[in-house]
Amino acid sequence: MEKMHDPPVSTYTEPEDIKILEKYREKNKIRIEKLLEESERLQPKCAKHQAKKQLTEATSGLSRSPAGETKVSTVKQTHMSARECTRRSCPKPAPVIHTNSAAILREWSLYRAKEEELSKRLNELEAGTFDDTEYLNWRTEKERKQAEEDLAKLRKCRLESLLSHEAALVAMQKLKINRVENARKIREEADQLMREVAKRQEAEVKAMANIAEHIAATRDRARMAKEKVLAENKMKASVIAAQRTANKAQVAMNTDSERKRKSLLIKKIRAAEAAALLTKDSAAKIVDLTSSPERGLMEEMSIVELKERLALLKRQNQVELDMKRDTILNEKEAKNNRLIEALERIGRHRGTKCTAAADRQHKALQLAEDLPNCLVKNQEIQRLSELLERSKEERLKLTARAIGGRKRDGAEKDDVIPEKVRPDTVLWRQHEKRQHRESRLRSGSTHHPNEHAGSSIVYTNILF
Numbered sequence: 001m002e003k004m005h006d007p008p009v010s011t012y013t014e015p016e017d018i019k020i021l022e023k024y025r026e027k028n029k030i031r032i033e034k035l036l037e038e039s040e041r042l043q044p045k046c047a048k049h050q051a052k053k054q055l056t057e058a059t060s061g062l063s064r065s066p067a068g069e070t071k072v073s074t075v076k077q078t079h080m081s082a083r084e085c086t087r088r089s090c091p092k093p094a095p096v097i098h099t100n101s102a103a104i105l106r107e108w109s110l111y112r113a114k115e116e117e118l119s120k121r122l123n124e125l126e127a128g129t130f131d132d133t134e135y136l137n138w139r140t141e142k143e144r145k146q147a148e149e150d151l152a153k154l155r156k157c158r159l160e161s162l163l164s165h166e167a168a169l170v171a172m173q174k175l176k177i178n179r180v181e182n183a184r185k186i187r188e189e190a191d192q193l194m195r196e197v198a199k200r201q202e203a204e205v206k207a208m209a210n211i212a213e214h215i216a217a218t219r220d221r222a223r224m225a226k227e228k229v230l231a232e233n234k235m236k237a238s239v240i241a242a243q244r245t246a247n248k249a250q251v252a253m254n255t256d257s258e259r260k261r262k263s264l265l266i267k268k269i270r271a272a273e274a275a276a277l278l279t280k281d282s283a284a285k286i287v288d289l290t291s292s293p294e295r296g297l298m299e300e301m302s303i304v305e306l307k308e309r310l311a312l313l314k315r316q317n318q319v320e321l322d323m324k325r326d327t328i329l330n331e332k333e334a335k336n337n338r339l340i341e342a343l344e345r346i347g348r349h350r351g352t353k354c355t356a357a358a359d360r361q362h363k364a365l366q367l368a369e370d371l372p373n374c375l376v377k378n379q380e381i382q383r384l385s386e387l388l389e390r391s392k393e394e395r396l397k398l399t400a401r402a403i404g405g406r407k408r409d410g411a412e413k414d415d416v417i418p419e420k421v422r423p424d425t426v427l428w429r430q431h432e433k434r435q436h437r438e439s440r441l442r443s444g445s446t447h448h449p450n451e452h453a454g455s456s457i458v459y460t461n462i463l464f
């Protein structure tokens, strides 16, 4: 049943243990997330997505010739290299894995079912059923064609992504000029704001100094009042301590007298008990261990007979335990023999599976060698490759032009002779140089814009 309303604060407060548990939960959650990231970083390669790797290996086999034609590199392959295939087909000896009997029996039940299925299939073939060799060949050819189509799609997607990336880079370089202009305006506004902030901070510092002086005077008055109160409290505490010492001495005297009275009373009681014990008869009695009490109607036994029967029962129990232990050991030995036999047969099945896997890898390697040949005949991929090459050349030209402009700007800065001018003149010259640099970047020229006018005047003088 839900509570009608929360209990008042005066009668209930949440215990600190709940907050501590919440902190522990948060710490454990953070630690588990770190362990998860570490495990994902250190996970084996077989657990990762292999599409990107297949695409990279497939496209790396293609190279561009000087005439613009594509050729296939037979060294690199699509799915795996020859070294990797050899390593997988001839792996290192696996470490010993200790399994329990339940795991062994489960695995053996699977292999036994496979044996029965294979035996049934062989019997049917022997009786005259048809073989599925033609179907397997047709399926292999179909898988090879599907792999070629998938590889072509992956290559096409890769080229399209590279083209979009190159286009984005070119657009970014073209937008760089606008960004520089915006940055200049922002810097000017920031300088103005900084000057205003400096003035405002100076006024605030003066106001804070006055407030600090007022607070210091107030604290001095509070300190003097506190010292006066402490002196009065110390005097009262000394009076209370003297009274408390006198009370403790009186209580100690009363306690000592009471303790002496109790010890005297205890001594008197012990003396009376000792006198009573001396008056009693303390002679030892003779006991016959072979005699049985009463008449024996209730199967009473003497002490000697009871000891003998207990010894016989103990020996009988020991014999039963020995027989049970021998039975358990025999059953365990038989079970171990059955498990060893199952392990041997499982090992033979595993060897057969490894051989079949090596054959499949060899076939996959042959298929991978034939896959890159299909890319040479694909006109769409060739067209995308040519577009990518042209886009790369355009981007490299823009990059080289931008680098050359920066070098020329640095040389002009080195040639400038410093002189003492007003700050507004310096800012105006910097703005003018920035505009000249941007105009050179837009026009692609290699000299100052003012040289256009000079060269045109000289040319007109020569003509006329």
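With the UniProt record's numbering applied, the sequence shown corresponds to residues 1 to 464, in that order.
We treat Cβ as the ideally placed atom computed from N, Cα and C, and that holds for glycine.
Beta-carbon gap between Leu163 and Ser391 smaller than 9 Å: Contact flag set, yes.
Which whole-angstrom value describes the C-beta separation of Arg383 and Arg184, a residue pair presumed to lie in contact below a C-beta threshold of 8 Å? That belief does not hold up - the Cβ atoms of Arg383 and Arg184 are roughly 43 Å apart, past 8 Å.
Pair within 9 Å by beta-carbon distance, Leu398 and Val170: Result yes, Cβ atoms of Leu398 and Val170 sit closer than 9 Å.
Could you name the residues of the same chain whose beta carbon sits closer than 8 Å to that of Arg395, not counting the 5 residues immediately before and after it, in chain order? Beyond the five residues adjoining it in sequence on each side, Arg395 comes within less than 8 Å, by CB distance, of Glu166, Leu169, Val170, Gln173 in the same chain, given in chain order.
Do Leu159 and Leu387 have their C-beta atoms closer together than 9 Å? Yes.
Spatial neighbours of Ser257 within its chain, please: C-beta separation below 7 Å, excluding the five flanking residues on both sides. Sequence-distant partners of Ser257 (beyond 5 residues in either direction) whose C-beta falls short of 7 Å from its own C-beta are missing from its chain.
Under a Cβ-count criterion, where at least 16 other Cβ atoms within 10 Å of its own Cβ denotes burial, should Glu432 be classed as buried or exposed? So Glu432 ends up on the exposed side.
My output table needs one value for residue 492: the three-state DSSP class, helix, strand or coil. The requested residue 492 does not occur in the structure, where the chain is confined to residues 1 to 464.
Could you round the C-beta distance between Ile340 and Tyr111 to whole angstroms and report it? I think they count as a contact, below 8 Å. The beta-carbon distance between Ile340 and Tyr111, rounded to whole angstroms, is 15 Å. This is too long to meet the 8 Å contact definition.
Exposure of Glu143, with buried meaning 16 or more beta-carbon neighbours within 10 Å: The residue in question, Glu143, is exposed, as its Cβ has fewer than 16 Cβ neighbours within 10 Å.
Around the Cβ of Leu122, are there at least 16 other Cβ atoms within 10 angstroms (buried) or fewer (exposed)? The Cβ neighbour count for Leu122, taken over all protein chains shown within 10 Å, is under 16; the residue is labelled exposed.
Could you compute how far the alpha carbon of Pro15 sits from the alpha carbon of Tyr24? The alpha-carbon atoms of Pro15 and Tyr24 are separated by roughly 15 Å.
Counting along the chain, where does the alpha helix (DSSP H) carrying Ser302 start and finish? Element bounds for Ser302: n/a, residue is neither H nor E.
CA-CA distance, Glu393 and Ser385? Distance between the alpha carbons of Glu393 and Ser385: 13 Å.
Through-space distance from Ile215 to Ala209, alpha-carbon basis: Whole-angstrom Cα-Cα distance: 10 Å.
Pick helix, strand or coil for Glu37, following the three-state DSSP scheme. If DSSP states are grouped into helix, strand and coil, Glu37 belongs with the helices.
The alpha helix (DSSP H) enclosing Asn100, as first and last residue numbers: Taken as a continuous stretch (DSSP letters only), Asn100 belongs to no alpha helix (DSSP H), as it is neither H nor E.
Can you tell me which of Ala368, Gln379, Ile32, Ala246 puts its alpha carbon nearest to the alpha carbon of Ala147? With distances taken between CA atoms, Ala147 lies nearest to Ala368 out of Ala368, Gln379, Ile32, Ala246.
Three-state secondary structure assigned by DSSP to Leu169: Leu169: helix per DSSP, three-state reduction.
Segment contact, 8 Å Cβ cut-off, at least three pairs: the region 248-256 with the region 264-277: Segments in contact, no.
Taking the alpha-carbon positions, what's the Ala113 to Ser119 distance? Answer to the nearest angstrom: the Cα atoms are 10 Å apart.
By DSSP, does Leu42 sit in helix, in strand, or in coil? Of the three classes helix, strand and coil, the one that applies to Leu42 here is coil, per DSSP.
Counted within 10 angstroms of its Cβ, other Cβ atoms place Ile381 as buried (16 or more) or exposed: Looking at its Cβ environment, which holds 16 or more other Cβ atoms inside 10 Å, Ile381 is buried.
Report, in whole angstroms, the separation of the C-beta atoms of Met301 and Ser292, which I expect to be a contact under 8 Å. That pair is a contact at about 6 Å.
Return yes when the Cβ of Val304 is within less than 9 Å of the Cβ of Thr290, no when it is not. Taking a C-beta distance under 9 Å as the contact criterion, Thr290 and Val304 qualify as a contact pair.
Return the Cβ separation of Ile104 and Leu343 in integer angstroms, given the expectation that the two are a contact with Cβ distance under 8 Å. 6 Å between Cβ atoms; contact.
Within this structure, are the beta carbons of Lys363 and Thr140 separated by less than 9 Å? Contact: yes.
Could you check if Leu230 is buried or exposed, using at least 16 other CB atoms within 10 Å of its CB as the buried criterion? Exposed is the call here.
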